[in-house]
Amino acid sequence: MKVTDVRIHRVPPGRGPVRAFATITLDDELVIHDFRVVESARGLFVGMPCRKTKQGEWQDIVFAISTPLADHLRETILRAYHDEMAHPGPA
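When we follow the numbering used here, the leftmost residue of the sequence shown carries the number 556, and every step to the right adds one.
1. Kindly indicate the opening and closing residues of the alpha helix (DSSP H) around R629.
2. Kindly indicate which three-state DSSP category I563 falls into: helix, strand or coil?
3. Distance check for R629 and D589, CA to CA, integer angstroms please.
4. Could you spell out the range, first to last residue, of the beta strand (DSSP E) harbouring V593?
5. At the level of alpha carbons, what is the spacing between A625 and A596?
6. Under the rule that 16 or more other beta-carbon atoms within 10 Å means buried, what is V561, buried or exposed?
7. Using CA coordinates, which residue listed in H642, P623 and A635 is at the minimum distance from R591?
8. Thinking C-alpha only, which one of G611, P604 and F600 is nearest R574?
9. Where do the ends of the beta strand (DSSP E) carrying D615 lie?
Here it is in structure tokens:
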């Protein structure tokens, strides 16, 4: 699968650890919304789209089975995030 588009949606400062949401397009055929770029004590990481269950637990609704695909998605989203943050603009 090839990531053919990444859109970064900034989160205004002061609203918790989420810095941005990302939408990706795979092979110009499938769009997946709500990846999260999150800042933690160990740096930035990409959270998969998820939802809260009735039991109050968070569950991923998209999951990359292969490690190479998961790594590719994370690297591509973080690269797009850094590119977006290099340009001043509203959150």
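In this text, a Cβ means the ideal position worked out from N, Cα and C, and glycines have one as well.
Inspection of the coordinates gives the following:
1. T622 to M640
2. strand
3. 13 angstroms
4. In the DSSP assignment, V593 falls within the beta strand (DSSP E) that extends over L585 to S595.
5. 22 angstroms
6. Answer is buried; the Cβ neighbour count reaches 16.
7. A635
8. F600
9. W613 to D615
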